[in-house]
Amino acid sequence: MFKKTFIFLFWGLGAFAFAHPDSPLFFSEGRSGRPIHTYSIVARDPATGQMGVAVQSHWFSVGSLVTWAEAGVGAVATQSFIDPAYGPLGLDLMRAGKTAPQALAGLIAADPGEAVRQVAMIDAKGNVAVHTGSKCIPGAGHITGDNFSVQANLMLNDKVWPAMAEAYKNTSGDLADKMMAALDAAQAVGGDIRGKQSAAILIVSGTNTGRPWVDRVMELRVEDHPEPLKELRRLVQVHRAYKHMNAGDLATEHNDMDKALREYGAAQTMMPDNLEMTYWTAVSLVNAGRLDESLPLFKKVFAGDPNWAELTPRLPGVGLLNVDGAGMKKILSVEPQPEKK
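For the sequence shown, this note's numbering gives the first residue as 229, with consecutive numbering after it.
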């Protein structure tokens with residue numbers, strides 16, 4: 229067992245303890261000693277202030293340890309022979325007013341195992357810092373640019389992080405689009421020498437409202453999949469479709485049915501086989517006094533799954549469907565009837 233002494237970093241927030249063993253390959257108690265070798269990106273969109281981190285690795289549930297972000301504060305990727313504490317401690321320091329370079333420098337200085345760490349940080353002002361330890365397994369390296377850093381270790385070749393940087397810089401779209409492009413570019417030139425298994429993306433707002441459910445713009449993980457990046461892209465599409473549904477619901481609350489239908493339509497275009505989206509669009513039409521317009525939608529849904537017809541009469545009693553008996557009868561009349569034998 230390693231003999232441990234403790235070094236205290238009195239800096240920024242106060243004291244952070246790091247155990248110090250007699251070995252260059254150091255993992256403290258309660259922290260993962262697993263080799264989560266991977267490629268990742270931390271970035272900030274200067275137009276919106278949103279910050280994010282995205283990652284892919286040949287390891288199970290990479291997002292549960294590598295990706296860290298807090299609205300109005302910053303984002304962190306901690307990888308290689310990973311110490312997850314870099315995530316929360318880095319955010320603590322940036323929340324206390326330290327820049328990303330200051331936060332990372334302080335934590336690296338206090339970590340006897342820094343040679344096997346690879347860590348990147350970005351703060352709410354776009355300051356970037358990255359560390360690739362001298363004992364990270366080749367190919368390993370990083371590139372920083374305006375409001376972003378890409379980093380990788382245990383790659384098939386040294387083309388990975390340059391490809392990520394170019395893809396990020398040359399891709400249009402929102403932060404998710406650009407970070408996903410960076411991950412795809414990494415995989416296209418070889419990626420992790422071991423293969424692929426999991427991926428994650430985390431995006432937060434540039435300002436902190438104190439409501440994490442609002443400030444966390446996107447948080448998606450693919451824990452175990454033969455094609456994690458393809459699956460992550462699918463989940464990003466699903467996320468965006470439901471964002472349109474939520475916008476449609478909000479428009480309905482404000483009695484703007486035209487906008488609501490545009491949002492619902494956008495969602496269904498992205499996910500045409502999702503019966504629930506079609507169903508609640510039909511319900512919203514009924515509640516807006518447009519029952520006849522809802523009937524083709526109800527018919528489609530009931531044909532796809534008769535359980536939705538079973539559900540519908542339960543909604544008026546809880547205030548979710550404003551319809552009288554005659555209207556309910558009309559809705560249920562569009563349910564396809566089983567053929568008589």
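The beta carbon of each residue, even a glycine, is placed where N, CA and C say it ideally should be.
- Excluding sequence positions up to five before and after Glu521, its CB lies within less than 7 Å of the CB of Leu513, all in the same chain and listed in chain order.
- Leu382 has its alpha-carbon roughly 12 Å from the corresponding atom of Val344.
- One thing to note: Gly280 has its Cβ no nearer than 8 Å to the Cβ of Met408.
- A direct Cα-Cα distance of roughly 48 Å separates Ala404 from Glu567.
- In this structure, DSSP gives Glu563 a state outside helix and strand, which the three-state scheme calls coil.
- Non-local beta-carbon contacts of Gly369 in its own chain, meaning distances under 7 Å to residues more than five positions away in sequence, involve Thr360, Ala380, Asp386, Trp389 in chain order.
- Comparing alpha-carbon positions, the option among Lys557, Pro440, Asp477, Ala271 lying closest to Val358 turns out to be Ala271.
- Exposure of Phe288 is indicated by the presence of fewer than 16 other C-beta atoms within 10 angstroms of its C-beta.
- For Trp287, no beta strand (DSSP E) segment is defined, and its DSSP state is neither H nor E.
- When the beta-carbon positions are compared, Gly434 and Gly300 come within less than 8 Å of each other.
- Boundaries around Thr372 are those of the beta strand (DSSP E), 369-373, since no alpha helix (DSSP H) includes it.
- With contacts defined as CB atoms closer than 8 Å, Met499 and Ala479 fail to qualify as a contacting pair.
- Within the DSSP secondary-structure output, Ala305 pairs in a beta bridge with Thr295, Ala348.
- Listed as beta-bridge partners of Asp420 by DSSP are Met383.
- Taking 8 Å as the cut-off, the beta carbon of Val464 is found closer than this to the beta carbon of Ile429.
- Per DSSP, reduced to three states, the secondary structure at Ile336 is helical.
- For Met499, there is no enclosing beta strand (DSSP E), as DSSP gives it neither H nor E.
- If you draw a straight line from the Cα of Val283 to the Cα of Ile269, it is about 7 Å long.
- Inclusion of Val511 and Leu548 in the CB contact set at 8 Å is warranted, their separation being smaller than that value.
- In this structure, the alpha-carbon of Leu457 lies about 41 Å from that of Val546.
- Shown here, Val529 sits in a helix according to DSSP, grouped into three states.
- Here Val290 is buried. Its C-beta has 16 or more other C-beta atoms within 10 Å.
- Straight across, the Cα-Cα distance linking Ser426 with Glu451 is about 5 Å.
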